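Undergrad:
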Amino acid sequence: MKHISPSTTQWAKILLLLSFAIPASAQDYAFIQGQVLDETDRPLAYVNVQITGTLDGAITDRDGRFAFSTQYTGKCDLNASFIGYEPAQQTLHLTPGDTSTVRLILRLALIQLDETIVTGSTYTTGEDETVTLSPLDVVTTPGASADIFRAFKTFPGVATVDDGAGLFVRGGDVSETVILLGQATVVHPYKYESPTGGVFGTISPFMVQGAVFSTGGFPARYGNALSSVLSMETQNMPVQKSYTLNLGLAAGSLGLNLPLISDKLGVRFTGNLSFTDLLFRINHHSSAFTTTPRGHDGNLNLIYQYSPTGRLKFFSFNASDRLGVRVTEPSFDGIYQGSTNSALHNLEWTDIFANWIMETSASLNHHTARKQLGNLDFSPRDLTFKLRTDIERALTSSAFLRLGGEIEHTDNRLAGSIPQGDIFDPQAEIFELDTSYGARRVGTYFEIDFEPAHRIVVNLGARADHHNLSDQFAIDPRVSARYQITKHTDARLAWGIYHQFPDPSKYNATSGNPRLRPQRAQHRIIGLHHERDQFMMRLEAYHKPYYNLVLDHPDLNLSNDGKGHASGLDLFLKRGDFLSTRFSGWMAYSLLKSHRLQVRHTGSEMHYEEAPSPYDITHNLTLVAKMRLIDDLSGGLTVKYATGRPITPIVGAIPVSDQGYYLPIEGRVGSERLPSFQQVDGQLSYLLPFGANHQIVFYLAINNLINRANVLNYDYSIDYSQRQPRTTTFRRSIYFGATVTLNP
Amino acid sequence: MQYILLALIVFLIILTKFGCSVARESTYEQNSDLTSVESGAPVQPAADLLTSGKNILQQGINENNLDAMYAARAIFERALTDKNLSAWSHYYIALADYRIANNLLAQGKKNKDRASKHLKEAAEHLEEATRKDITREDAKTIAAEVYALLSSVYGRQISLSGIKGMFLGPKSGNLLKKAEQLAPNNPRVVLSAAIGAFNTPKMWGGSKERAIEGFQRAAYLFAQEKPTDPIHPIWGHSETYAWLGIAYMDRDEEDSARSAFEKALEIDPDNGWVKYELLPKVTE
Chain C
30 MKHISPSTTQ WAKILLLLSF AIPASAQDYA FIQGQVLDET DRPLAYVNVQ
80 ITGTLDGAIT DRDGRFAFST QYTGKCDLNA SFIGYEPAQQ TLHLTPGDTS
130 TVRLILRLAL IQLDETIVTG STYTTGEDET VTLSPLDVVT TPGASADIFR
180 AFKTFPGVAT VDDGAGLFVR GGDVSETVIL LGQATVVHPY KYESPTGGVF
230 GTISPFMVQG AVFSTGGFPA RYGNALSSVL SMETQNMPVQ KSYTLNLGLA
280 AGSLGLNLPL ISDKLGVRFT GNLSFTDLLF RINHHSSAFT TTPRGHDGNL
330 NLIYQYSPTG RLKFFSFNAS DRLGVRVTEP SFDGIYQGST NSALHNLEWT
380 DIFANWIMET SASLNHHTAR KQLGNLDFSP RDLTFKLRTD IERALTSSAF
430 LRLGGEIEHT DNRLAGSIPQ GDIFDPQAEI FELDTSYGAR RVGTYFEIDF
480 EPAHRIVVNL GARADHHNLS DQFAIDPRVS ARYQITKHTD ARLAWGIYHQ
530 FPDPSKYNAT SGNPRLRPQR AQHRIIGLHH ERDQFMMRLE AYHKPYYNLV
580 LDHPDLNLSN DGKGHASGLD LFLKRGDFLS TRFSGWMAYS LLKSHRLQVR
630 HTGSEMHYEE APSPYDITHN LTLVAKMRLI DDLSGGLTVK YATGRPITPI
680 VGAIPVSDQG YYLPIEGRVG SERLPSFQQV DGQLSYLLPF GANHQIVFYL
730 AINNLINRAN VLNYDYSIDY SQRQPRTTTF RRSIYFGATV TLNP
Chain W
-6 MQYILLALIV FLIILTKFGC SVARESTYEQ NSDLTSVESG APVQPAADLL
44 TSGKNILQQG INENNLDAMY AARAIFERAL TDKNLSAWSH YYIALADYRI
94 ANNLLAQGKK NKDRASKHLK EAAEHLEEAT RKDITREDAK TIAAEVYALL
144 SSVYGRQISL SGIKGMFLGP KSGNLLKKAE QLAPNNPRVV LSAAIGAFNT
194 PKMWGGSKER AIEGFQRAAY LFAQEKPTDP IHPIWGHSET YAWLGIAYMD
244 RDEEDSARSA FEKALEIDPD NGWVKYELLP KVTE
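Protein chains in written order, with my numbering: chain C, 30 to 773; chain W, -6 to 277.
#1: Identify, in the order they occur along the chain, each residue of the same chain with its Cβ nearer than 6 Å to the Cβ of Q212/C, setting aside the five sequence neighbours on each side.
#2: Have a look at G665/C, D645/C, T667/C and V685/C and flag the residue whose alpha-carbon is nearest the alpha-carbon of G673/C.
#3: Could you check if W236/W is buried or exposed, using at least 16 other CB atoms within 10 Å of its CB as the buried criterion?
#4: Among residues of its own chain, excluding the 5 on either side of L489/C, which ones have a beta-carbon nearer than 6 Å to its beta-carbon?
#5: From this set, T357/C, P543/C and L210/C, which residue's C-alpha is nearest Q753/C's C-alpha?
#6: So, at 7 Å on beta carbons, what are the nonlocal neighbours of P773/C in its own chain, with the 5 sequence-adjacent residues on each side left out?
#7: By how many angstroms is the C-alpha of S642/C removed from the C-alpha of I452/C?
#8: Which term fits A94/W, buried or exposed, when burial requires 16 or more other beta carbons within 10 angstroms of its beta carbon?
#9: Quick one: which chain W residues come within Cβ less than 9 Å of S110/C?
#10: Look at P693/C and G711/C and say whether their C-beta atoms are less than 9 Å apart.
#11: Are the C-beta atoms of S144/W and some chain C residue less than 9 Å apart?
#12: When burial is assigned at 16 or more other CB atoms within 10 Å of the CB, is Q458/C buried or exposed?
#13: Is there at least one Cβ from chain W nearer than 9 Å to Y474/C's Cβ?
#14: Which partner residues does G490/C have in the DSSP bridge list?
#15: What's the C-alpha gap between Y213/W and A250/W?
#16: Which residue spans inside the segment 588 to 624 of chain C form an unbroken beta strand (DSSP E) run of at least 3?
#17: Tell me the DSSP secondary structure of D60/W in three-state form.
#18: How big is the Cα-Cα spacing for K365/W and V740/C?
#19: Taking the alpha carbon of F215/W as the reference point, which residue from T233/W, I49/W and S145/W has its own alpha carbon closest?
#20: Please report whether the beta-carbon of L42/W lies at a distance below 9 Å from any beta-carbon of chain C.
#21: Within the continuous beta strand (DSSP E) that includes P220/W, where are the two ends?
#22: What's the gap between the Cα of A444/C and the Cα of F382/C?
#23: Go to R340/C, then tell me how far its beta strand (DSSP E) extends in each direction, as first and last residue.
#24: Excluding the 5 residues flanking L161/W on each side, which residues of the same chain have their C-beta closer than 7 Å to its C-beta?
#25: Taking a Cβ distance cut-off of 7 Å, strictly less, list which residues of the segment 220 to 239 of chain W are near chain C, in chain order.
#26: Report the residue from T214/C, Q401/C, G186/C and S336/C whose alpha carbon sits nearest the alpha carbon of P455/C.
#27: Residues in the same chain with beta-carbon distance under 7 Å from N347/C, minus the five sequence neighbours each way, listed in chain order, please.
#28: Who are the neighbours of A79/C on chain W, taking C-beta pairs under 7 Å?
#29: Which residues does DSSP pair with F429/C in a beta bridge?
#30: At which residues does the alpha helix (DSSP H) containing E117/W begin and terminate?
#31: Specify the secondary structure class of A383/C as computed by DSSP and reduced to three states.
#32: Tell me the rounded alpha-carbon separation between Q79/C and N108/C.
#33: State whether the segment 196 to 203 of chain C contacts the segment 253 to 264 of chain C, with contact taken as three or more CB pairs (one from each stretch) at a distance under 8 Å.
#34: Which two residues bound the contiguous alpha helix (DSSP H) that contains W524/C?
#35: Listing by chain order, which chain C residues have their CB less than 9 Å from the CB of P38/W?
#36: For a quick check, are the C-beta atoms of D67/C and L135/C less than 9 Å apart?
See the structure below:
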């Protein structure tokens, strides 16, 4: 490439000379000459300088100079434009025979207004230039089991507390992360729900066009979330027909993408069946389950583009699962049976009216479950209806306004028998619960994106929410700013108030408190982001005080007396991407210190203690590496290390009745830690294309390669004198399968 | 060579100057604040800008001269003012961006960010062109050329960031289908399809065999092509043989590759890409 034509340097001179050489004899001509420079006063070559609305103009030379003559006279605008720069204008008054001399400065077009760029602590998936995680990254991340939530767990700020999918963000618990699909709230986002979230997320990565995952400092449009938001968008119109069939050791699925009327009407469908029996048998893990986890789900996505700007999208999702597992509680050794059914239906309407982009949706979540263990037989049910509208428009070329509102109504029914004092023996005392009530939250917000100075972008907003049960208003002002230090490096700041109303089940009058107020957190974040070619680095520090957290109360059942704080540091390094570089991978490290006021039970008494929060994971390190080995064979490894979470040891017990039950006496809250969590997962995949456009992907995953029995908690004997570690279900285990994609 | 260029530029600038005075009678919208002086001259100044820019761009490509490509791009930008021709102007800006991006990428990885910006810009201009309601007689030709180039731009974006294949791959395929329906025998449409097939990973439906068949068919169609309007694109003949050679190199068929490159130079002896970069690889 050393060959450069001798004319290279002469081009500009030629152009300039010729511009001057134009016959200027006529008195009718006005002359314009000048120079175009960048912000640092360096001349810019090959800039198009032109009188707006005409063809008259010139191109700048190597020294940024230009000159031309024009027959236009009077008031006119001179415009200079060059790729990568913001165009500059200047108004001139042209008189025939006169020469106007102009100096124009072009500024680098560094900043594009876009939420993911303004906001710190945000990671995205999708097709944009700026994404951090593509759907392909999700399915090729070892240990993620093709699950979006599990893949986001490999990112900084998310703590590993078990091998499930629960998103524990920056010292918060799993309920502080709100999951959105389009404008709908996914009320029950996990499959096989547990106090730590669940085993998988309910949303398949291939249903999702893109996602924004924010671990803090998110803008005012997101309400009722204390720590974090995962917002996913469903797929758009399919452009070509395709069929997918996947068969693995524990799941089978079928997918169809059909453009029914090209660019007008399309449908996407997937159905999944999961059956873990074979998986457990092959890996010799079946002993604990009496009914191995199984379930089925289906989703349908209809897209109707009724005009170039208008679109209706209907999305419907339905999932059922059940399992039976042997549980060793101090008071009872028996079988836990659980089953759930969740559905989500969402109709979304997008169009443009008089420069306003409008998005409106109506959604319905429906969830029923049954939980049985000893004397526990509990059936919660909830129905959530949500209506949401967002509108946005450009105010100027560098300012955007966004407004919106939402109403979310939940009907809850809690029915069944619940053991008193956590004694699960079928003969032990229970209380009957049968209560239903509604809860309604109404929220509204505004946001403005603007550039107060060159290189600075600010997102300023506020939201207000009202909850009918607590009858309280929550006002959340929020601001985040980005300063572009260099072309590839920027600094980000964010501050805001965040409110979250307690889970509706906590408002019941029997075991909860109908007068609970919203929980509150403040986010303060400072970060540095650098991105160049295939390399990305992000470092962030944060401090997050919590107020009004829900806490057990001896008389009121629950109160808002809880408080605490979380501070930490998140580091993210990423290199390459799965398809275009042979090697790709990322590293996420989080340092966290999180304290909360907590309850300590000593027999029938309870006290309050300031202690490390239950998910205070001091060090959390995740390494993900992927490599194309030969041709179409790829392999990857995920390595995870996390400090063991704090637990409260039980130091004694007092008998409560002559039937032989005991109430535990807890030691200091969070005074012990579980052993560290360590896991290595590996994955191999091989792509085999066939026919014109079809392919099969074979995959083989080995999870927990080092065969470590990670401790999740301790199980105690009936008198609490002995304890046994309870470990993760999966030791070293193998999973394999194949996916066929046909593109007829 | 310099003299030819010089002559070309003189020609171009003179045309531009004439253009100013005529443009007021032309179809483009005019700044109402301006008073103008009447004069008689050519009728389509924006068209002349496009034709001249086209020649400068081709020279730039042949000489491997980025400066010329940028100069051509600036000329095309100026022609945007003429609403009647704006679809073609967008097309040529995009073509310049596409060429600049390819040139930058040929110089090494360090230019990747800059090249991506040009590709993004190219895609935006072409997408803009597809949104134009074209009433010109050659509306079909414009649409086919725009779709074909956009498909190539997407293809190049995929080759830079494989992840994009998931989204852009199907889009790119769809565009080609549309282009093929509009102009099944347009050699650039056939060439774009073949380049797409060559660059797309197998995972997203690429095929080297189909690519070679496509390059051969494109070569045949280029030999038959007779341009009817000077603003219509004519690029791609020599390039088709360059790509055919690259595809043969990929199959380790050095002799076939060499004869393809020689054929490329036969058609366009100034093709710098072939002369200085590709041919030396097989003659070493």
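Built from N, CA and C at the ideal position, the CB exists for glycine as well. Being a predicted model, the structure only gives us computed values, none of them experimental.
TA: Taking the coordinates as given:
#1: If you ignore the 5 residues before and after Q212/C, its C-beta comes within less than 6 Å of the C-beta of S390 and R417, all in its own chain and listed in chain order.
#2: Out of G665/C, D645/C, T667/C and V685/C, the CA that lies nearest to the CA of G673/C is found in D645/C.
#3: Label assigned to W236/W: buried.
#4: I477 and V508.
#5: Comparing Cα positions, the closest option is T357/C.
#6: Apart from sequence neighbours up to five positions away, the residues of its chain that approach P773/C with a beta-carbon distance below 7 Å are K270, ordered along the chain.
#7: Between the alpha carbons of I452/C and S642/C lies a distance of about 26 Å.
#8: Under this definition A94/W is a buried residue.
#9: Within 9 Å Cβ-Cβ: A67 and E70.
#10: Taking 9 Å as the cut-off, the Cβ atoms of P693/C and G711/C do not count as close.
#11: Not closer than 9 Å to any Cβ of chain C, the Cβ of S144/W fails to qualify, so no.
#12: For the record, residue 458/C in the displayed sequence is Glu; it is not Gln. Label assigned to E458/C: exposed.
#13: No, Y474/C does not count as interfacial toward chain W.
#14: Answer is E476/C and R507/C, bridged to G490/C.
#15: Distance between the alpha carbons of Y213/W and A250/W is about 17 Å.
#16: For the segment 588 to 624 of chain C, not a single whole beta strand (DSSP E) run of length 3 or above is found.
#17: Here D60/W sits in helix by DSSP.
#18: Residue 365/W lies beyond the stretch modelled for chain W, which goes from -6 to 277, so this question has no answer here.
#19: Closest option to F215/W, judged by alpha-carbon separation, among T233/W, I49/W and S145/W: T233/W.
#20: When Cβ-Cβ separations below 9 Å define contact, L42/W makes contact with chain C.
#21: Run containing P220/W: none; DSSP gives neither H nor E here.
#22: Their backbone Cα atoms lie some 47 Å apart in a straight line.
#23: It spans R340 to E358 - the beta strand (DSSP E) in which R340/C sits, taken as one unbroken run.
#24: Here the set comprises Y147, Q150 and I151.
#25: Taking a C-beta cut-off of 7 Å against chain C, none of the residues of the segment 220 to 239 of chain W qualify.
#26: For the residues T214/C, Q401/C, G186/C and S336/C, the minimum Cα distance to P455/C belongs to Q401/C.
#27: Answer for N347/C: D326, G327 and A372, listed in chain order.
#28: First, the amino acid is wrong: residue 79/C is Gln here, not Ala. One finds R71 in chain W with Cβ atoms closer than 7 Å to the Cβ of Q79/C, taken in chain order.
#29: BP columns for F429/C point to A423/C and D478/C.
#30: Element bounds for E117/W: K105 to R124.
#31: Coil.
#32: So the two alpha carbons sit approximately 5 Å from each other.
#33: Verdict: yes, contact present.
#34: Where W524/C is concerned, there is no enclosing alpha helix (DSSP H), although the beta strand (DSSP E) it sits in stretches over T518 to Q529.
#35: Within chain C, the residues near P38/W are L84.
#36: Yes, the pair counts as a contact, with Cβ atoms nearer than the cut-off.
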